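Right, one structure below, let's go through it.
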Amino acid sequence: MTKNTITGVIGSGAMGAGIAQVAAMAGNPVVLYDNNKEALGRAEKSLTNTLQKLQEKGKIASARDILERFTFADNISELAGCGLIIEAIVERLDIKKAVFAEVEKLAGADCVLATNTSSLSVTSIAAACQNPERVIGLHFFNPAPLMALVEIIPAIQTRAELAEEARELMLAWGKTPVIAKDTPGFIVNRVARPFYGEALRIYEEGIADMVTIDWAMTENGFRMGPFALMDYIGHDVNYVVTETVFQSFFYDPRYKPSFSQKRLLEAGWLGRKTGKGFYNYSDGYPMSEPKKDIDLAVQIFERILAMLINEAIEALYLNVASAGDLEIAMTKGVNYPKGLLQWCNEWGTAACLAKLDSLYHEYHEDRYRASTLLRKQAIGNKKIV
Ligand SMILES: NC(=O)c1ccc[n+]([C@@H]2O[C@H](COP(=O)([O-])OP(=O)(O)OC[C@H]3O[C@@H](n4cnc5c(N)ncnc54)[C@H](O)[C@@H]3O)[C@@H](O)[C@H]2O)c1
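Encoded structure:
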């Protein structure tokens, strides 16, 4: 795969259109296919607008040159000449499998088939193909043109060299690739779970209100607090990822979803996009003030941070990703102020373990069990890596 490879993208929604833009801006000819003509029309319009704005701002020389690289296709057969096809359709395993089986029949033998799934097993999608060695996960983040991180996820069937080939292409596209094992949530959607889950737990226990929890986290370097961020992502997306990760981990209590968030989803209070979620976004609606108690802020922050660090260490321990890739993923994929392993080293493995153990003793819940690797390194307060 090179900058000349004709790149097909299946699905012209938020992600597909963004990925297509990235590929075309890198110089690749792009075939953007959607089975919904209206969606395809909307994508063409929005890509044209975006590229024109980039030209006006002087960020690209010619929007027209880039637009000329696009073919907008409403017939799947137009993907036949592609060397790489990236699927970004609805997050349903049955539909993705059907599309992979169909597209494999018309693609050339050397064509690489990639999925942008956030939560499904790449291995199960690859299993729909006659030649699953050519299937890989390429997980972009939203919005794809702005977010540097791409998680590369080889399925167990993927041929050995493909991850490295994909990494080189992503570098050529100006992206920051990391390699993740095909496990639920890959890196970011797994390691970030406690940012939401532990904040929800603290809120449900009545330790602090939402605005105070958000304040405690932003005071300590996070760009957004967990409740503001969940509202921004949308509960239809964020809750569903949590539930999927929980189920995929065979109901490990570390990933247990929260009723407070589930009720918002049931009410249709999806966050910013519906004007209401945890917060009310109506014009002029007053925002309550946080309780600016420093001791409380430390208690909230250390509890959430210890859970995040533990998740990152467990992912390292179970070889989900290298230490370096874990740090890159959390700083580039969700803009954490620093890598969680570095944060642990600075805090001290012994102090981090003490925080988790105090929660474990208080609650007697498996949710707070410390990673074996953290426990080992905490003897003598050694660094994680
Ligand atoms: N939205 C995010 O933040 C995000 C981030 C990373 C990954 N993802 C993943 O990317 C994928 C797409 O997400 P999205 O948010 O862009 O969805 P979306 O709903 O915005 O777009 C999906 C598009 O796929 C088209 N489509 C559906 N079924 C199709 C089919 N059988 N053949 C051709 N086209 C079809 C739809 O018409 C629609 O235009 C999902 O797998 C999602 O999990 C989403």
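In the numbering used here, the protein residues as written are 142 to 526.
Glycine is no exception: its CB is placed at the ideal position from the N, C-alpha and C atoms.
Just so you know, these numbers come straight off a predicted model, no measurement behind them.
At least one heavy atom of ligand 1 lies closer than 7 Å to the C-beta of residue 175.
When the Cα atoms are used, residue 356 and residue 373 turn out to be separated by approximately 16 Å.
Counting only runs that start and end inside the segment 438 to 510, the alpha helix (DSSP H) elements of at least 4 residues fall at 464 to 474, 481 to 488 and 490 to 504. Here residue 293 is buried. Its C-beta has 16 or more other C-beta atoms within 10 Å. Straight-line spacing of the CA atoms in residue 375 and residue 414 works out to 7 Å. Under DSSP, no beta-bridge partner is assigned to residue 232. In this structure, the alpha-carbon of residue 260 lies about 7 Å from that of residue 382.
Taking 7 Å as the cut-off, one finds no heavy atom of ligand 1 near enough to the beta carbon of residue 291. Cβ atoms of residue 354 and residue 367 come within 8 Å of each other, at about 6 Å. Secondary structure at residue 212: strand, using DSSP grouped into helix, strand and coil. In this structure, 256 is the residue among 250, 256, 249 and 224 with its C-alpha nearest to the C-alpha of residue 239.
At the C-beta level, residue 405 and residue 416 stay beyond 8 Å of one another.
When secondary structure is reduced to three states using DSSP, residue 174 falls in the strand class. Here residue 198 is exposed, its C-beta having fewer than 16 other C-beta atoms within 10 Å. Residue environment for residue 497: buried (at least 16 other C-beta atoms within 10 angstroms of its C-beta). Judged by the Cβ position, residue 150 fails to qualify as a neighbour of ligand 1 at the 7 Å threshold, every heavy atom of the ligand being at least this far. The beta carbons of residue 228 and residue 241 sit closer together than 8 Å. When the alpha-carbon of residue 211 is set against those of 433, 178 and 147, the nearest one is in 147. Considering only 216, 465 and 363, the residue with the shortest C-alpha distance to residue 243 is 216. A distance below 8 Å separates the beta carbons of residue 153 and residue 173. For ligand 1, no non-hydrogen atom lies closer than 7 Å to the CB of residue 365. In this structure, residue 230 has its beta carbon less than 7 Å from a heavy atom of ligand 1.
Leaving aside the five residues that flank residue 518 on each side, the residues in its chain whose CB is nearer than 6 Å to its CB run, in chain order, 490 and 525. DSSP places residue 256 within a strand segment (E or B) once states are collapsed to three. Between ligand 1 and residue 263, a heavy atom-to-CB distance of less than 7 Å is absent. The same chain holds no residue with a CB closer than 6 Å to that of residue 145 once the five nearest residues on each side in sequence are set aside. Ranking 503, 509 and 492 by CA distance to the CA of residue 521 puts 492 first. DSSP places residue 160 in the uninterrupted alpha helix (DSSP H) bounded by 155 to 166. In the structure shown, residue 292 falls within a strand segment according to DSSP collapsed to helix, strand and coil. Secondary structure of residue 394 (DSSP, three-state): helix. Between the alpha carbons of residue 231 and residue 303 lies a gap of roughly 25 Å. In the three-state DSSP reduction, residue 279 falls in the strand class (E or B).
Residue 447 has its alpha-carbon roughly 12 Å from the corresponding atom of residue 486.
Annotated three-state conformation of residue 226 is strand, per DSSP.
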